[in-house]
Structure formats: C-alpha cells, structure tokens
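Participant:
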Amino acid sequence: MSVQERKQRERAERERLIVATARELAEQQGWDAVTTRRLAERIEYSQPVLYSHFRGKREIIGAVALEGAVEMAAALRAATAAADGPRARVAALARTYLDFADRNPAVYDAMFQLDGGLAFAQEDTPEPLKNAFAALLESLAEVAGEGVHPGLFTETFWAALHGLATLTRAGRLPAEHAGWRVDLLVDRLAVL
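Residue numbers (this note's numbering): 45 to 236.
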C-alpha cells in the first residue's frame, strides 16, 4: 500500500468517525449538542482536523443524512421484498418508514428537518437521496392508480408518512393508533 493510499484510508476512517460520533451525540442529546468543539474532543482530534473534513455542522448533518438515506433505502427494500402482493408491500413500506423514523430520530431530522445543504428533487440531488426515493417509488408506483403520475403519488404518500412520523413523535398524534393510521393510509390512498 502506498503512502497516499494509506493517507486516503486514514482520512476516510476519520471522516466515518466524525459522522458516527455526531450521529451518536445527536441521538443521545439532540442536534444542539453537536458542536465542532465537542466533536473534536470526543474523537480526540483538533478542530482544524475536523474542519479539514467538514466545513461545519451543516456538512456533518448532510453526511449523517446521506448515511441515513442509505440505511432507510435498504430497510424499505428488505421489508417490501418480504411482502406478498401490492397491499402487503405498501403496508410494509409504510410501517418500515415509520419505524425507521421512530428508532432514529436524530438521523431522521438530519434527513428531513435540518439544513444539511443537500438538494432534493433536483439534478444535483446526491445519489443516496435519489436511491431512497426510488425505494419508495418501487412499491408505490404499482398502486398509484390509472392516470396518476407515479412520482407525484410517491411524493404525496411520502408526505403523509412524514406527517405521521413527525406528528406522532411530537406527541400531536397518539402513538397507540399508529397501526390504524397506516391501514387507513394504505387502504384509502393506494389503489389496490
């Protein structure tokens, strides 16, 4: 291994450590607790080293969001692949999405609530975000209904899931009715 390859590997490892530490801290104490000084202390590197990887907290949030998008896409695809039939796939997709949001609140916030400097629904949208949307579209396109654009249907269904996730987490919707809401969403919005 050349010196340059070793340095690139070490740099990538430091970057993963920064992102993992930011994610852990955000999940434990919220995103307000994630500061470059605190991250530098936790990873035992100086702030200039941290800044050599990320220009600031916004980019760190973006990196966490991209990591979360990869994880969410994999979870959605695994859940829908195990389901039999369109209704079961859409229900599995909805439950998996809401479960991901519930189990990973800081990551979910990085993906959809906070400014991570990422473009959505544009030419320069990062590939992990496009892939996460594609994971939704793959199951939802088949239930969009005749004459309904699959992408627009997926955006609408996603917006409903996002609303359920954020309102439930904020205590605005009782958590005990989550399953009923998913069934209602699947049965009323999707053409099955």
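Note that beta-carbon positions come from the ideal geometry of N, C-alpha and C, so glycine has one too.
The model shown is predicted, which means the values in this text are computed figures rather than measured ones.
When you compare the CB positions of Ala66 and Val114, do they come within less than 7 Å of one another, or not?
Facilitator: No. Outside cutoff.
Participant: For Pro298, which option in Arg232, Leu211, Gly129, Glu171 has the closest C-alpha, if you only look at C-alpha atoms?
Facilitator: Nothing in the structure corresponds to residue 298, since the chain is present only between 45 and 236.
Participant: Count the other CB atoms within 10 Å of the CB of Gly74; is the residue buried (16 or more) or exposed (fewer)?
Facilitator: Exposed: under 16 other Cβ atoms inside 10 Å.
Participant: Taking Pro92 as part of the alpha helix (DSSP H), name the residues at either end of that continuous run.
Facilitator: Unbroken alpha helix (DSSP H) run through Pro92: 91–97.
Participant: Taking Pro176 and Ala123 to be in contact with their CB atoms under 8 Å, please state how far apart those CB atoms are, rounded to whole angstroms.
Facilitator: At residue 176 the sequence reads Ala, which differs from the Pro that was named. About 13 Å separates the two Cβ atoms, so there is no contact after all.
Participant: Is Val235 helix, strand or coil by DSSP?
Facilitator: In this structure, Val235 counts as coil in the three-state DSSP scheme.
Participant: Glu115 lies in the alpha helix (DSSP H); which residues open and close that run?
Facilitator: Residues 101–125.
Participant: If you drop the 5 nearest sequence neighbours on each side, which residues of the same chain put their C-beta closer than 7 Å to that of His206?
Facilitator: Correct list, in chain order: Phe156.
Participant: So, are the CB atoms of Val134 and Val63 less than 7 Å apart?
Facilitator: No, the pair does not count as a contact, with Cβ atoms beyond the cut-off.
Participant: Expressed to the nearest angstrom, what Euclidean distance is found between the alpha-carbon atoms of Pro172 and Ser46?
Facilitator: Distance between the alpha carbons of Pro172 and Ser46: 30 Å.
Participant: Who are the Cβ neighbours of Gly195 in its own chain at under 7 Å, not counting the five residues just before and after it?
Facilitator: The residues are Leu181.
Participant: Specify the secondary structure class of Gln52 as computed by DSSP and reduced to three states.
Facilitator: It is helical.
Participant: Taking the beta carbon of Phe164 as the centre, do at least 16 other beta carbons fall within 10 Å, making it buried, or is it exposed?
Facilitator: Exposed is the call here.
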